[in-house]
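Each residue of the sequence shown is one higher than the one before, counting from 1 in the UniProt record's numbering. What follows is a single structure, written as C-alpha cells, with notes after it.
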Amino acid sequence: HCPVCSGAFPCPREASGGTMQFAKAADAENGPNVRDAKSHLQIGKPSLAAQAVARRALGDIGNLVGGFHQKVNVGKDAAPVDPKAPLSGQVRPGVLTRRAAAQLAAVGPTVDGSNALTNSTDSWGAKPRNSLRPRDATLGAAAPAGTEPRSNPGRSMSQLLQDRSAAAGAKPARPSAPQDVDAASASDPLAVADYAKDIFSYYQGVEPQFMVASDYMSKQNDVNDRMRAILIDWLVDVHLKFKLMPETLYLTVNLIDRFLEAKQVTRKHLQLVGVTAMLIASKYEEIWAPEVRDFVYISDRAYSREQILQMEKVMLNTLRFNLTVPTAHQFLSRYLKIVDAASDTELVNYATYLVELALPNYAALKHPGSVTACAALYAAKAALNRGPGLPPALARHAKLTEAEVRPCAAMLAALHAGASAASLSAVYKKFSSEKLGQVAKLASPSSLLEGASA
C-alpha cells in the first residue's frame, strides 16, 4: 500500500507525479497548515471542568450499538481515490492521516451536534446509545448508592468467621497417634528404646519361618510326643538347677523341636539332643554358660564329653546356625510393657507360669509364640481381675483380636486347672514357690474354663 494515501497499488499520486509528487505530498502533510490546525484544536478544546459536566456515564461495556472499528477495504476492489479532490468530500476506507484529521478538526461540529470524526461513513452506521441496557430481573435489586452489599444483613463478618470455625471443628477428629511405649525407657541403654519397635516388628515378621509343624512328631519312628514332654519337664528342672536366664529355656525348646522336625532321632539319643540344645542356648544367652562337664554330670554320665560336642556340630549344621529366633518369652515381655504391667509382679509371674505350662504340651505347638504370650496375658488378667477383655493397645500391637486369642487362653486355663494332678509337675512346683508368688496355686479363670469345655 501507498504510505501516503494507503490505497492499493498502483498509487494514483505516484503514478501521476512520480517521486516528486510523493515528496510534495509529504511536505504538504507536515506543512504549516497542519500546525495551524493543531493549534486550532488546542484553542477550541473545552476546559476540564466543562468536560466533567458534559461527561456521560458509561453504563456498561460499549455504549454504541454495533460500534466496531472503522471500515477497512482490503483487496483489489478498493475504490479509486482522487488525489485532487478535497479531503472532506472523500471517503478513504480505513485510513485517517494527520492532514485529514487536522482538516476535520478545523471544520468543527456540524449543525446537529455530531462531529465528522464520528460520521456514519466511518462507524458502520453505529448509533449512540442514549440509555443503559435494562437490568436482568434474575440478578436482584442493586444496592443503594453509598451502601456496602451484605450477604446476610443479620450476621457480621466476625460472626460468619466464627460459624465457619465452629463448622470446621465439628468434623470428626483424627485418631490420636498410638502412645510410645518405649518413651519411659529412653534413658536406659539396655532397653534400646530407639530400636525396640523395629526389633518387635522383625520378630513378628520372621516368626512363621521358625515355627515347626504341629504334627511333626508323626515323622519320628522311635520317639513320640510323650517322650518329648518328659524331656522338656526334666530340662525345666535342669534350667532351675543351673539358675539360667528365662530366654535360655525357651530357646532350648525351640532348638529341640526344629531339630526333631529335620532329623530322625532314637530314644537313646533323645536326652543327648536335649542337653546339647541347652548347651547351645546357654552359650547364646548366658554371660556365664555352664561347661560341657556340667551337662555330663547332670545327665548322670549317660553321654561323654565327645558325644555332646559332636552332637553340637550336628545340630548347628542342621539348623544352619539360625539361633536368633522369636520365642513366647520375648513377646510376653513386650506385651507386659505395652499394657504397662511390667511392675505388676503377680501378673507377670502368673502369665509366665501359663506360658511355661505350654512348653511340654505338644498340642500347644499349633499356636505361635506371639499368640501364646498374648493369650497368657489375657488369661492372667481375667484370673486376677485386672480388667475385662483384651486391652486395645495390646490388640493393636499384637495385631490380634479377642476371638483369635480366646481359644489359646482357654487351653492354658485348662492346663492350669489340671497341673496340680499331672504326672509332669516341674513347672507347677517351680511356680508354687514363695519366690514366684505361688501363682500356680491360684484358681484358674472360670470364664475361660467354660469356653474350653464348650
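A virtual CB, placed ideally from N, CA and C, is assigned to each residue, including glycine.
Separation of residue j from residue i, as counted between CA atoms
i	j	result
residue 251	residue 367	16 angstroms
residue 376	residue 216	24 angstroms
residue 408	residue 351	13 angstroms
residue 263	residue 231	17 angstroms
residue 158	residue 179	38 angstroms
residue 207	residue 163	54 angstroms
residue 191	residue 336	14 angstroms
residue 280	residue 423	28 angstroms
residue 224	residue 304	25 angstroms
residue 186	residue 199	15 angstroms
residue 294	residue 239	12 angstroms
residue 273	residue 344	37 angstroms
residue 301	residue 237	17 angstroms
residue 168	residue 205	41 angstroms
residue 246	residue 221	31 angstroms
residue 391	residue 183	19 angstroms
residue 211	residue 165	55 angstroms
residue 122	residue 156	Reliability fails at residue 122, whose pLDDT of 49 lies under 50, so the model's placement of it is uncertain and the value that follows must be treated cautiously. Those two C-alpha atoms are separated by around 54 angstroms.
residue 261	residue 218	10 angstroms
residue 436	residue 349	6 angstroms
residue 287	residue 243	12 angstroms
residue 441	residue 310	42 angstroms
residue 434	residue 403	34 angstroms
residue 323	residue 448	35 angstroms
residue 197	residue 396	13 angstroms
residue 193	residue 332	17 angstroms
residue 453	residue 241	At residue 453, the pLDDT of 48 sits below 50, so the modelled position is not reliable; the number obtained from the coordinates is stated separately. Residue 453 and residue 241: Cα-Cα distance of roughly 36 angstroms.
residue 181	residue 201	14 angstroms
residue 289	residue 270	22 angstroms
residue 213	residue 253	14 angstroms
residue 308	residue 400	41 angstroms
Closer than 7 angstroms: residue i CB and nearest the ligand HEM heavy atom
i	result
residue 414	Judged by which ligands are present, the structure shown has none, so any question about the ligand HEM falls away.
Whole-number beta carbon distance between residue j and residue i, since they are thought to touch under 8 angstroms
i	j	result
residue 276	residue 312	5 angstroms
residue 228	residue 362	6 angstroms
residue 347	residue 386	6 angstroms
residue 393	residue 338	5 angstroms
residue 405	residue 371	7 angstroms
residue 326	residue 428	Incorrect: roughly 26 angstroms between the Cβ atoms, too far for contact.
residue 328	residue 380	Actually they are not in contact, since the Cβ atoms of residue 328 and residue 380 sit about 13 angstroms apart, beyond 8 angstroms.
residue 415	residue 357	4 angstroms
residue 506	residue 291	Nothing about residue 506 can be read from this structure; the chain reaches only from 1 to 454.
residue 426	residue 233	5 angstroms
residue 319	residue 278	Actually they are not in contact, since the Cβ atoms of residue 319 and residue 278 sit about 14 angstroms apart, beyond 8 angstroms.
Burial state of residue i (16 or more Cβ within 10 Å)
i	result
residue 330	buried
residue 431	buried
residue 98	exposed
residue 314	exposed
residue 420	exposed
residue 334	buried
residue 321	exposed
residue 410	buried
residue 444	buried
residue 365	buried
residue 418	exposed
residue 195	exposed
residue 256	buried
residue 369	buried
residue 398	buried
residue 412	buried
residue 160	exposed
residue 360	buried
residue 446	exposed
residue 282	buried
residue 378	buried
residue 341	buried
residue 65	Low confidence applies to residue 65: its pLDDT is 49, below 50, so where it sits in the model is not reliable, and the reading given next is rough at best. Burial call: exposed.
residue 102	buried
residue 23	Reliability fails at residue 23, whose pLDDT of 49 lies under 50, so the model's placement of it is uncertain and the value that follows must be treated cautiously. So residue 23 counts as exposed.
Just list the alpha helix (DSSP H) runs in the UniProt domain "Cyclin-like" (233 to 317), keeping only unbroken ones of 4 residues or longer that don't cross its boundaries, in chain order. 246 to 262, 270 to 285, 292 to 298
Jot down the residue ranges of each uninterrupted alpha helix (DSSP H) in the segment 356 to 443, minimum 4 residues, whole runs only, in chain order. 369 to 383, 392 to 398, 402 to 417, 426 to 430
Which complete alpha helix (DSSP H) runs does the segment 187 to 224 hold, if anything under 4 residues is left out? 193 to 206
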